[in-house]
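Single-structure report; data block below.
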Amino acid sequence: MGKFEYAPAPESRAIVSLRESYGLFIGGEFTPGVDGLAFKTISPATEEVLAEVTEAGPADVDRAVTAARKAYEQTWSQLPGKERAKYLFRIARIVQEKARELAVLESLDNGKPIRESRDVDIPLVAAHFFYHAGWADKLEYAGYGAAPRPLGVAGQVIPWNFPLLMLAWKIAPALACGNTAVLKPAETTPLTALAFAEICQQADLPPGVVNIVTGAGETGRALVTHPGIDKVAFTGSTEVGKEIARECAPSRKKLTLELGGKAANIVFEDAPVDQAVEGIVNGIFFNQGHVCCAGSRLLVQESVYGEVLAALRRRLETLRLGDPLDKNTDVGAINSAAQLAKIRELSEIGEAEGAQRWSPPCELPVKGFWFPPTVFTGVSQAHRIAREEIFGPVLSVLTFRTPAEAVEKANNTPFGLSAGVWTEKGSLILWMASRLRAGVVWANTFNKFDPASPFGGYKESGYGREGGRHGLEAYLDV
Amino acid sequence: MSDAATANRIAVRKTYKLYIGGAFPRSESGRSYVVTDPKGGFLANAALASRKDARDAVAAARKAFAGWSAATAYNRGQVLYRVAELLEGRRAQFAAEVRLAEGLSARQGDAVVDAAIDRWVWYAGWADKLAQVRGAANPVAGPYFNFSLPEPTGVVAVIAPQTSSLLGFVSVVAPAVVSGNTVVALASERFPLPAVSLSEVLATSDVPGGVINVLTGHTAEVAPWLASHMDVNAIDLCGASGSSPELADDLAVAAAENLKRVVRAGDEDWTLTPGLERMLTYLETKTVWHPAST
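Order-wise, the sequence lines are chains A and B. By this note's numbering, the letter at position 453 of the first sequence is numbered 453, and the numbering carries on one by one without gaps. Quick note: to get this note's numbering, add 478 to the position in the second sequence (first position is 1).
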């Protein structure tokens, strides 16, 4: 089948005005780092340097925590909930006003298609602030007692896959519940967090309520181990999550972790094939598969295996990979050289272990970090590509015969973040949903998110929920 | 029956064993330890559980999880209420045992047993309320029906309080099992006997074998195996936090290896109505999305 040709439709990057270098956002001001260290953030699609960013050392983290503590004690905890709410509403509105700029900036720094940053990430950021703003003066109705108390200062470390959205997931509930925050964005995607700092300034948020410290793993470690914080929230890999859990174990810091996944996307023989294929594609190729809840294991009922695989391959041949700022792009750049190396390594292991690899014909740009949509068939449960999180556009296909076998295979993983079920039979959906050991079950849909909908994992996918009434618990002393 | 005959009668003593998978084995290690009353008088030899016993208990709890978690909340509530009924029938026995073990007065012993029975009743009533209190229908911005439900996390290891041998024990075990989790409980090291007697009640109630497993032994020996066990989903460190904070820290670090859900709180006033913390720690929230369309 021939591919439609599209003329390029690039979004203008002129809307973004980048500074050459950025300081740390501490106590309401951008300030240089104590040690004078810096690193560069690049566009993964072109390897062009976008800006220089300060690497926060322990002394900087300490300054940020001190500023957050002062803000907590002197202003934020004294403010009635209805006034805190107004700041969050303001932030939501400013995000909407700057939506286009933020979307371009996110796609530049992260490599994700503008269509996704424009239609998914940034609208959800605004929605998260709106949703949580409304909770700030209604916490007594959330089910955690008559006068639930905040925890104090939250130390928050977020990943690079949804930079500004993960910031919103962390900061909106923290502030709504009356805490102040020190947040560290990922080292490859700091720019929208720094743009958010400017939004806090525009909103006249009291100094120190939100502090942004940029840096890599060492900065994160300095933050989560700092004795002056009361709460640690981390989204990232299971490996680092366990390290943080160990570090925090002897302390009394409240900890929530949103970690890796290896979700099963289960297609029954009665599922509408075209819809299911859209769900499979959305499940694993959305955001280049850089999604902790990605449907990376496709379980197809044996009787429709041939039909589903043929339809899936046809659909993948129509995906357009390339310039993230092009509005027609479906698959953008891999976020970093390190992540690309990891995806390549696991894919090679997949082949070496005997699975069959397939990608649609797909020209990769010369510069930047790219990996084509890839499907492995003939995968067994013991294969590493069926067990380990690849965090890239790589799908492992397995088959099953009975619903019980599907449940058994889907749950055969130390992870438990999400799962998908495709069938027209309502009773089967509910039967499956009750047996899948996962925090989110998408039935006849996939990768849907909403600030009102609790998100988080079972088992080694972490603990705590983000979003909804349930998400408030992470930031309240209950 | 003459008084003289009664005075001369030799009592039939009880062997205090472990309770694993609905059966009463001795420790596979063949070991036991002496349990005394607070004045040092001999009460009994209790089984000294080993690493293997702990693992067997976890395996039994895992095996029981599928059935217990799938039981209806109404059914679980009734089964737990039945435990309270049976305890009420053995009120005098338990009062005497707690009195002897903890060195309480008659009045104190009665009060402890009454409170323990009432605690079972309180938790039994929670079984079919949790989903309504902890569940939600979520108003997402799209054509989807979206709801969240609480589910049990799996196998819960409980290091029971060291000082409150019956009321404390009940107060840490019941919040785990009420929602469908299964439990491996390590009884108070010094006062293990009332927990063992409770396991005899459990065995004759309708609680399926393996849902609650009871170990006796040295906390410092057995607890680390439970904390590091990769098939345990959550752990209550109460019995370590209260008496040995360093051990509790070590256990919490070991528990991080598979990201167990952890309750850190130590001893508390067990006579007070509990909060929800323990029940909530052992609950996962599952959120389900489904399109609403024609």
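For glycine and all other residues, C-beta sits at the position ideal for the given N, C-alpha and C.
- The beta carbon of R465(A) sits closer than 8 Å to some beta carbon of chain B.
- Collapsing the DSSP output to three states places W76(A) in a helix.
- At the C-beta level, F376(A) and S396(A) come within 8 Å of one another.
- Bridge pairing for A614(B): S626(B) [DSSP].
- Note: K184(A) is bridge-paired with V157(A) in the DSSP secondary-structure output.
- Here F286(A) is near N447(A), since their CB atoms are less than 8 Å apart.
- Beta-bridge pairing by DSSP links L398(A) to L299(A).
- The C-alpha of I390(A) is placed about 57 Å away from the C-alpha of T514(B).
- Only exposed fits M708(B), as fewer than 16 other CB atoms lie within 10 angstroms of its CB.
- Annotation: the continuous beta strand (DSSP E) that includes E762(B) extends over L761 to P769.
- Residue environment analysis places T697(B) among the buried positions, since at least 16 neighbouring C-beta atoms fall within 10 angstroms of its C-beta.
- Residues of chain A whose Cβ lies closer than 9 Å to the Cβ of Y760(B) do not exist, since the nearest Cβ in that chain is about 11 Å away.
- The alpha-carbon separation between G33(A) and S461(A) amounts to approximately 34 Å.
- Against chain A, the CB of K764(B) has a partner CB under 8 Å away; the residue lies at that interface.
- The Cβ of Y6(A) sits no closer than 8 Å to any Cβ of chain B.
- Under the 10 Å beta carbon count, G720(B) is surrounded by 16 or more other beta carbons and is classified as buried.
- Within chain A, the C-beta atoms nearer than 8 Å to that of W767(B) come from V440, V441, W442, A443, T445, K448 and S453, in chain order.
- Here the alpha carbons of R756(B) and V291(A) stand approximately 32 Å from one another.
- In this structure, V634(B) and L664(B) do not form a Cβ contact; the two beta carbons are roughly 12 Å apart against a cut-off of 8 Å.
- In this structure, DSSP gives L18(A) a state outside helix and strand, which the three-state scheme calls coil.
- Against chain A, the beta carbon of R739(B) has neighbours under 8 Å at Y463, listed in chain order.
- Per the coordinates, the alpha-carbon of W160(A) lies some 7 Å from the alpha-carbon of T188(A).
- Neighbours of E460(A) in chain B, taken as residues at a C-beta separation under 8 Å, are given in chain order as N736 and L737.
- Following the DSSP letters along the chain, one finds A38(A) in no alpha helix (DSSP H) but inside the beta strand (DSSP E) bounded by residues A38 to I42.
- In the three-state DSSP reduction, A338(A) falls in the helix class (H, G or I).
- Taking 8 Å as the upper bound for CB-CB distance, D477(A) and L151(A) are in contact here, some 5 Å apart.
- If you keep only unbroken alpha helix (DSSP H) runs of at least 4 residues inside the segment 632 to 695 of chain B, you get 645 to 655 and 671 to 682.
- Shown here for V304(A): same chain residues with a beta carbon closer than 6 Å to its own, the five before and five after excluded, namely E269 in chain order.
- For the segment 217 to 246 of chain A, the residues whose beta carbon sits under 9 Å from a beta carbon of chain B are, in order, T238, G241, K242, E243, I244, A245 and R246.
- Straight through space, the alpha carbons of V662(B) and V651(B) are spaced by roughly 9 Å.
- Listed in chain order, the non-local C-beta contacts of L582(B) below 8 Å within the same chain comprise V576 and V590, local neighbours out to five positions each way being set aside.
- Along the segment 52 to 111 of chain A, the alpha helix (DSSP H) occurs as fully enclosed runs of 4 or more residues at 58 to 74, 81 to 97 and 99 to 110, listed in sequence order.
- A contact is defined here as three or more CB-CB pairs under 8 Å, and the segment 177 to 191 of chain A fails this definition with respect to the segment 243 to 254 of chain A.
- Annotation for R504(B): no alpha helix (DSSP H) segment contains it, and DSSP assigns it neither H nor E.
- Going by DSSP, L223(A) is part of the alpha helix (DSSP H) stretching over G217 to V224.
- In this structure, the CA atom of L105(A) is about 12 Å from the CA atom of D121(A).
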